[in-house]
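See below for the structure under consideration.
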Amino acid sequence: MQGNTTIAVIGGGVVGTAITRELSKYTLDIVLLEAAPDVCTGTSKANTALLHAGFNADPEKLKGRLNVRGNELYHERIQHELDVPIEWCGALVVATDESERPKLDALLDKGRENGIADLEIVEGNRLHDLESTLNDDAIAALWAPTAGIVNPFELTAAFANNAVENEASVELNAEVTDVTAVGDTFRVETVRGDIEADIVINAAGLYADEVSAMVGVEDFEITPRRGEYYLYDKKMEVDVEHTIFPVPSEVSKGIVVTPTDEGNVMIGPNAEEVDAPTNKATTRGGLDEVLAGAQKTVPELSKDDVIREFAGLRPAIKETGDFRIQIERDDPGFINVAGIQSPGLASAPAIAEYVVDLVADLRGELAEDPTFDPQYSGPPKVRHMSHAEHAALIEENPEYGQIICRCESVTEGEIRDAINEPVGARTINAIKRRVRPGAGRCQGGFCQPRVVEILAEELGVDETDIKLEDDGSEVLIGETKELLLAESGTEVRVDD
Amino acid sequence: MTETEMERAESAQSAAEAEQAIRRETHDLVVVGGGPAGLAAAQEAYDQGVEDIVILERDFELGGILQQCIHNGFGLHYFDEELTGPEYAQEFIENVAERGVDIRLNTMVEEVTDEKIVYAVSEDDGLTEIDAEAVVLAMGCRERTREALDIPGDRPAGVFTAGTAQRYINMEGKMPGEKAVILGSGDIGLIMARRMYLEGADVEAVLEILPYTGGLTRNVVQCLEDFDIPLRTQQTITEIYGDERVEGVTVQEVDKDFEPIPGTEYDIECDTVLLSVGLIPENELSEGAGVDMHAVTGGPVVDDGRETSVDGIYACGNVLHVHDLVDWVTEESMIAGRSVAKQLQGDIEVREDPIEIESTGAVSYVVPERITKADDDREKLPLYLRVYAPMDEVFVTVECGDEQLAREFERRAEPGEMITVDIDTEALADLPENRLTVDVVPKEEI
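Just so you know, the sequences run in chain order A and B. Note that the first sequence covers residues 0 to 495 in numbering that gives the first Met the number 0. Note that the second sequence covers residues 0 to 445 in numbering that gives the first Met the number 0.
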């Protein structure tokens, strides 16, 4: 990894990849540097996956404005350009007590001020017809039909893959260790070598303050705020159709109950500040809080049919509670894209647009690349096909006839596609995020050995080198008999 | 034509082409799953005169989970000798092969309809739609996961279900770790404790939330006691920690309601957690076919021929209820195979007065749940049952009104061990009511 480039983007979350793709529309050299072996491994992978309508957005704040614009961009462009599951299921903010009504009205007013279309208050039978799982106590709700849900893993991968197809580079396992100005460029040092960049864009998420400090901008701090979740089996009988929020209180935004793009139900998050940007442990207390909170709006929910619990971290700047997206240094240019907590996912395309404007501020007008192609399609999805469509696909490539993950009906062909896409999956979890083996009710019990085998074959490495996620997360420690031979002092001989 | 009309015509044409890509077949009997249940059902159906049988197996070989069970102890009842899992399976694999049963490997069934249309998919045959006269569901079961237990903490590598670890070691020749804690004392957990030990790994403890083991007594002796592996009952894991790889677990004692007792926490350092915390019959296909399910077994409700609530769809083996011994799977699947053959040959009579079989008292469930067939050839009708909690010196009773149809003594009854009781079929001819109750009662109460 040597050479000159114009722009280095640090961080391969949804924000960094969206920025990289947006920049790839112009005649610029762009390299995205991601510390982990995959994109979408930080805040972007563990959140509520919502495309907020923007009714709650504060127009005084950057995040409010970008949320509204981001939602528009998903409607107008992203859903047509990228083959990513987006569902406009709509959101309800549910009041269960008369005292909460004024808050609904206030939200409605704010939403209309923000230009959000089709907002209304629904009540009584109409509300319960709209969402039959709601608590009987639900008296009224703000209904926002333009709110949606997205698959954040596929979205982030699509941004990255489309950027690479448009000649950006994405470097994985490339943790940035220092950024130093040398004349009118930056030397960006990574664990895999140095690069030079005219502009550095810091989208390092939970580590954005550390990266910013590398160039001496130290006037903000990222606080990791942990949120815990439960994810339910697709076949659970509690059928939630819309994203359900309780009316926010002074102390809490409340627990969300939402469908996912794949038809699961998900509940969460609570909010708890933690000391380390790696602390993604779930806790008894946190999970109990999440379930109790969800039951306030959907009382039928229980621990039955839970197939996964997880926690994610949001990178909050506590002092402002806002995104910090600004040019921090002119020459060479350093742009922070920091503090991207909720509604970061909903805002990502708007953040990208905004950052391109900042880049133009630094460099003058950008020249569009006439070869830019905004369209990207990921692997086919056998699970969503009719029998006839599936039959036709197998005729094209028989590997789509070999089912590897029985819970989610994922074929060998899809797994090999995930490994071979422009920013290919290199770990078990990367494959799970892209094409879902292991995301179902057995959580990989049956398919993980097969996924390991296919990954090892495609990557040309030993199965014992295959990792769940980061370095050190290899699932297998070695061959059988090695421990015994070592115990007996026999030298282990591996025959090729 | 306008552009839209052309698009429509094109899409209609491609839909028609796609339809043609489906291969269509008809068969007398489709067996879903080529493990011990499917093999025995196919073999018996063939021997009773059904020749057109297809076994659809998702793995690359027949035999199911037996192929990774390389320990011995299989077949003591059925073959009267101790076999390994692969040896036990091989007997049936050879039997179905000799009979010329159509075996399709690497073939996944995607859907079974209530009309007995089976959709199967494979690399070699593409997507096949089979119109079957009868279907035997024999998909087996899957393991409960960490997530089903709701164990909080980190999510590092090194957490496996015991069966997955068994596959890695016995089939792939790879070690999942070198210092293990095993949660759950079901048979797979016990077997894997020994397996890990014999591979040179340290097994720190087997933890069991119940006051007693969920596995066979012989496995506790042969897999734990013989190797000094501690079994700690009424304890469970309340947290798993470790950044990339498991670094340890927090264990707590539990009270009688299985709630962790504060103050009893202690940590065990380990790099691997194996979970043997229960098996779940894998019935997504059955549910798709609309068969009635049983709340306790997790399998379909079946009659004495192992026919489900959907006419012509049968179920046997672990998809029906989780068995302790494969010998009973074979016995049960033979019953299904025989019954399905009789139905296909129009040789079965249906009782005018179906008999419901209910479990009561100490009995958690009984299979079958009803008797609807009037099969005059059989002398005995076996009922399989399990108890909720261990009991010493009991009688298993089958009663109908005031009449006792069967009474068998058991020196000990345990939830981990299935109990069989036979009813004399002659006794079914003239019953005071169409309802049998099965109970297990302490000797002194009789």
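Even glycine gets a Cβ: it sits at the ideal position worked out from N, Cα and C.
Task: Contact residues within the stretch 371 to 382 of chain B, judged by C-beta distance below 8 Å to chain A - done: none
Open item on the list: Please report the distance separating the alpha-carbon of Val53 of chain B from that of Val365 of chain B.
Closed with: 30 Å
Task: the stretch 73 to 84 of chain B touching the stretch 11 to 25 of chain B, judged by at least three CB pairs closer than 8 Å - done: no
Task: Alpha-carbon spacing of Glu146 of chain B relative to Leu230 of chain A, whole angstroms - done: 10 Å
TODO: Check distances from the C-beta atoms of the stretch 458 to 478 of chain A to those of chain B and list, in chain order, the residues that come in under 9 Å.
DONE: Glu462, Thr463, Lys466, Leu467, Glu468, Asp469, Asp470, Gly471, Ser472, Glu473, Val474, Leu475, Ile476, Gly477 and Glu478
Open item on the list: Am I right that Met206 of chain B and Ile181 of chain B are in contact with their C-beta atoms under 8 Å? What's the rounded C-beta distance?
Closed with: The amino acid occupying residue 206 of chain B in the given sequence is Leu; Met does not appear at that position. Their Cβ separation, rounded to whole angstroms, is 7 Å, which keeps Leu206 of chain B and Ile181 of chain B in contact under 8 Å.
Task: Contact with chain A by Tyr118 of chain B, beta-carbon distance below 8 Å - done: yes
- [ ] Would you check if the distance between the CB atom of Ala137 of chain B and the CB atom of Gly336 of chain B is smaller than 8 Å?
- [x] no
Task: Alpha-carbon spacing of Glu109 of chain B relative to Gln342 of chain B, whole angstroms - done: 25 Å
Task: Interface partners of Ile393 of chain A on chain B, CB under 8 Å - done: Ala20, Val120, Glu122, Gly125 and Leu126
Open item on the list: Please state the DSSP three-state secondary structure of Leu206 of chain B.
Closed with: strand
Open item on the list: Could you check whether the Cβ of Gly152 of chain B sits closer than 8 Å to any Cβ belonging to chain A?
Closed with: yes
Open item on the list: Cβ closer than 7 Å: which chain A residues qualify as neighbours of Tyr390 of chain B?
Closed with: What sits at residue 390 of chain B in the sequence shown is Met, not Tyr. By Cβ distance, chain A contributes nothing, its closest Cβ being about 29 Å from Met390 of chain B, past 7 Å.
- [ ] Would you kindly check if the distance between the Cβ of Ile326 of chain A and the Cβ of Asp356 of chain A is under 8 Å?
- [x] no
TODO: Would you mind working out which of B:Asp421, B:Ile21 and B:Glu128 sits nearest Glu378 of chain B, comparing C-alpha positions?
DONE: B:Asp421
Task: Residues from the stretch 148 to 172 of chain B in contact with chain A, defined by Cβ distance under 9 Å - done: Asp149, Ile150, Pro151, Gly152, Asp153, Arg154, Pro155, Ala156, Gly157, Phe159, Thr160, Gly162, Thr163, Arg166, Tyr167, Ile168, Asn169, Met170, Glu171 and Gly172
TODO: Could you pull out every residue in the same chain whose Cβ sits closer than 6 Å to the Cβ of Asp495 of chain A, ignoring the five residues on either side in sequence?
DONE: Any reading at Asp495 of chain A is ruled out, since the residue's pLDDT is 46, under 50, leaving its predicted position unreliable.
TODO: Residues of the stretch 291 to 310 of chain B with a CB closer than 9 Å to any CB of chain A: list them in chain order, please.
DONE: none
Open item on the list: For the alpha helix (DSSP H) containing Asp360 of chain A, name the first residue and the last one.
Closed with: Gly343 to Arg362
Task: Where the alpha helix (DSSP H) containing Arg432 of chain A begins and where it ends - done: Ile427 to Val434
Open item on the list: Counting only beta-carbon separations shorter than 8 Å, does Asn94 of chain B have a partner in chain A?
Closed with: no
Open item on the list: Using only CA atoms, which one of A:Leu91, A:Val210 and A:Ala157 lies nearest to Glu21 of chain A?
Closed with: A:Ala157
Open item on the list: Per the DSSP calculation, Thr189 of chain A is bridged to which residue(s)?
Closed with: A:Val175 and A:Gly192
- [ ] Spell out the partners DSSP gives Leu136 of chain B in its beta bridges.
- [x] B:Val31 and B:Ala314
Open item on the list: Taking beta-carbon pairs under 9 Å, can you tell me which members of the stretch 426 to 451 of chain A lie near chain B?
Closed with: Ile427, Arg440, Cys441, Gln442, Gly443, Gly444, Phe445, Gln447, Pro448 and Val451
Open item on the list: Across the stretch 247 to 258 of chain A and the stretch 214 to 226 of chain A, are there enough close Cβ pairs to call them in contact, namely three or more that are closer than 8 Å?
Closed with: no
- [ ] Can you grab the Cα-Cα spacing for the pair Glu388 of chain A / Arg362 of chain A, in whole Å?
- [x] 49 Å
Open item on the list: By alpha-carbon positions, which one of A:Asp128, A:Asn113, A:Ala105 and A:Asp96 ends up nearest to Ala137 of chain A?
Closed with: A:Asp96
Open item on the list: For a cutoff of 8 Å on Cβ pairs, would you count Leu482 of chain A as touching chain B?
Closed with: yes
Task: N-terminal and C-terminal residue of the alpha helix (DSSP H) that Gln89 of chain B is part of - done: Gly84 to Glu97
- [ ] Output yes if chain A places a C-beta closer than 8 Å to the C-beta of Pro474 of chain B; else output no.
- [x] No information on residue 474 of chain B is available, as it lies outside the stretch 0 to 445 that chain B covers here.
- [ ] Return helix, strand or coil for Trp327 of chain B, following the three-state DSSP convention.
- [x] helix
TODO: Would you tell me roughly how many angstroms separate the C-alpha atoms of Lys44 of chain A and Phe152 of chain A, rounded to the nearest one?
DONE: 6 Å
- [ ] Using beta-carbon positions only, say whether Ala139 of chain A and Ile120 of chain A come within less than 8 Å of one another.
- [x] yes
Open item on the list: Give me the chain A residues within the contact set of Tyr240 of chain B, using Cβ-Cβ distance strictly less than 9 Å, ordered along the chain.
Closed with: Ala280
TODO: Measure the alpha-carbon distance for Gly277 of chain B versus Leu65 of chain B and round it to whole angstroms.
DONE: 17 Å
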